[in-house]
Amino acid sequence: MSHDVKKFKLLKKIIGIFGYKIIDKSSAKTERLIDNFTLKIENILDKLINQNKINKILQVGANDGKSDDFLFKNLNKNSDAILIEPMNDAFVKLNENYKEFKKVKCLNLALGLDNDKKNIFSVDPKYFEFYKNKYNDKNVNWLNVLASFHKEHLINHGIKDKHIISKNIQCTTFKNLLDEYNYHNLDLLITDTEGYDITLVNNFIETVKTKPIIIFEWIHGKEDEVNLLLKKLKNNNYIFFKIGRDLLCFQKDYKFN
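Encoded structure:
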């Protein structure tokens with residue numbers, strides 16, 4: 000979920016292009032050392048899932064289930080989850096990775112504000128070789144993670160405009176999804192949608208009565224949008240804390256023990 004600057008070499012290049020100072024090597028090593036000992040979201044989820052405090056899970060933007068994702072390692076064979084992934088190639092891998100999980104449903108669609116079709120942008124696979132050579136990296140599976148409703152999101156991550164393709168995909172709303180699968184007793188919502196997270200979480204709070212734990216990637220949100228969402232979360236009795244590039248939100252009276 001949270002993108003690792005070291006792993007994604009292109010992010011370093013982008014930072015350099017825009018003239019931002021990259022943290023010095025000594026501090027970067029110290030930060031990685033601290034990260035190795037810092038509490039991670041998967042540590043929290045592991046405990047809550049094993050204690051049966053999290054039984055129903057909805058993940059929006061599941062990708063292949065493993066790439067840049069913490070949920071897979073936490074789920075057990077009794078976990079009840081709906082995983083949403085709109086991109087066909089990633090969806091095929093997602094199904095394969097979760098084939099042993101009988102209570103996990105993988106859906107090839109997207110979450111939106113309406114029940115209609117919407118264009119999603121991604122990197123054309125025929126140009127993957129270009130980025131392998133550009134970044135001297137044989138593994139460019141992270142290119143699939145960049146798929147977004149916002150074309151500029153890919154461009155801002157160093158993808159050439161001519162290398163971007165779009166696909167018209169079917170969307171559903173949170174309300175329709177929860178109605179269809181009887182998921183109103185949802186315990187955990189995770190979104191990782193490359194720039195659409197603020198919009199989706201805001202919509203979830205506005206249209207759904209249930210108040211699960213929410214984990215979303217805040218890094219791509221604009222300051223004013225994030226500010227409004229944080230105020231809305233607080234008004235709905237949520238408190239939250241930041242772990243890397245994700246925000247973990249839960250009700251004030253939530254009991255972890």
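When we follow numbering that gives the first Met the number 0, the leftmost residue of the sequence shown carries the number 0, and every step to the right adds one.
Backbone N, C-alpha and C define an ideal beta-carbon position, used for all residues, glycine too.
Item: Residue environment, G18, which counts as buried when at least 16 other CB atoms sit within 10 Å; Value: Note that G18 scores a pLDDT of 45, beneath 50, so its modelled location is shaky; the value from the coordinates is reported in the next line. So G18 ends up on the exposed side.
Item: Secondary structure, alpha helix (DSSP H): runs of 4+ residues fully inside the stretch 162-193; Value: 173-179
Item: Identified DSSP bridge partners for S147; Value: F120
Item: Contacts around L185, its chain only, beta-carbon distance under 7 Å, and the 5 residues preceding and following it disregarded; Value: K55, L57, L177, T209, P211
Item: Spatial distance of D79 from E151 (CA atoms); Value: 35 Å
Item: For V59, the residue or residues it bridges with in DSSP; Value: I83, T190
Item: Residue of Y253, K137, Q169 minimising C-alpha distance to L108; Value: Q169
Item: Meets three-Cβ-pair contact criterion under 8 Å: the stretch 121-139 and the stretch 147-165; Value: yes
Item: Length of the line joining the Cα atoms of L70 and I81; Value: 12 Å
Item: V103: first and last residue of the uninterrupted beta strand (DSSP E) it sits in; Value: 103-106
Item: Identified DSSP bridge partners for Y237; Value: Q250
Item: Length of the line joining the Cα atoms of L74 and Y134; Value: 33 Å
Item: Beta carbon proximity, K98 to chain C, threshold 9 Å; Value: The structure shown contains no chain C; it is built from a single protein chain.
Item: Boundaries (first-last residue) of the beta strand (DSSP E) holding F215; Value: 212-216
Item: Bounding residues of the alpha helix (DSSP H) (the contiguous stretch that carries V200); Value: 196-206
Item: According to DSSP, residues forming a beta bridge with A89; Value: Per DSSP, none; premise fails for A89.
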